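Report on the following structure.
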Amino acid sequence: MEEISLNEEDTTSAGRIYIKIVFLDLAESMGVEKLLERIRDPTMQPAFEKIFPRDNPNNTRFSINFFTTIGLAYLSFDLRLHLEQARKLAREKAAQDVSSSSSESSSSSTDSDSSDSSSSSESDSSSGFYFFI
Numbered sequence: 001m002e003e004i005s006l007n008e009e010d011t012t013s014a015g016r017i018y019i020k021i022v023f024l025d026l027a028e029s030m031g032v033e034k035l036l037e038r039i040r041d042p043t044m045q046p047a048f049e050k051i052f053p054r055d056n057p058n059n060t061r062f063s064i065n066f067f068t069t070i071g072l073a074y075l076s077f078d079l080r081l082h083l084e085q086a087r088k089l090a091r092e093k094a095a096q097d098v099s100s101s102s103s104e105s106s107s108s109s110t111d112s113d114s115s116d117s118s119s120s121s122e123s124d125s126s127s128g129f130y131f132f133i
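In this text, residue positions in the sequence shown follow the UniProt record's numbering: the first is 1, and each later residue adds one.
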């Protein structure tokens, strides 16, 4: 499993179908609880880190949407939590940046506010990946 990367750039539709079949078979043969236990097992993390990526929000959303689409959304619960925590940290950092820059000149504060809002809208608009398998 370490060799499988589940993201938009590294997978093809045939690769996603293969991953779908593997995980549906694992869920059927092992059961939901046992499969989740294995995925969450710290000793197994290297095997699953590219399938459940936390390196990039786009890759994380891609994986979440993939597992949701194939009917195994429960496997992406931890990724959903990670993504929400990352968003929360980004909002807190942006708020700190705005408050710290307000003590400087007002023009630099306005510039950082407009760049923060544009990057926020870009990430929101790219959040939807849909799979047809």
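A virtual CB, placed ideally from N, CA and C, is assigned to each residue, including glycine. Given the structure is predicted, the values throughout are model-derived calculations rather than measurements.
| Query | Result |
| --- | --- |
| Are there three or more Cβ pairs, one per stretch, closer than 8 Å when the segment 72-80 is compared with the segment 30-39? | yes |
| What residue range does the alpha helix (DSSP H) around Pro46 cover? | Gln45 to Phe48 |
| Quick one: residues in its chain with C-beta nearer than 7 Å to the C-beta of His82, no 5 flanking neighbours on either side, listed in chain order? | Arg54 and Thr60 |
| Taking buried to mean at least 16 other C-beta atoms within 10 Å of its own C-beta, is Asp10 buried or exposed? | exposed |
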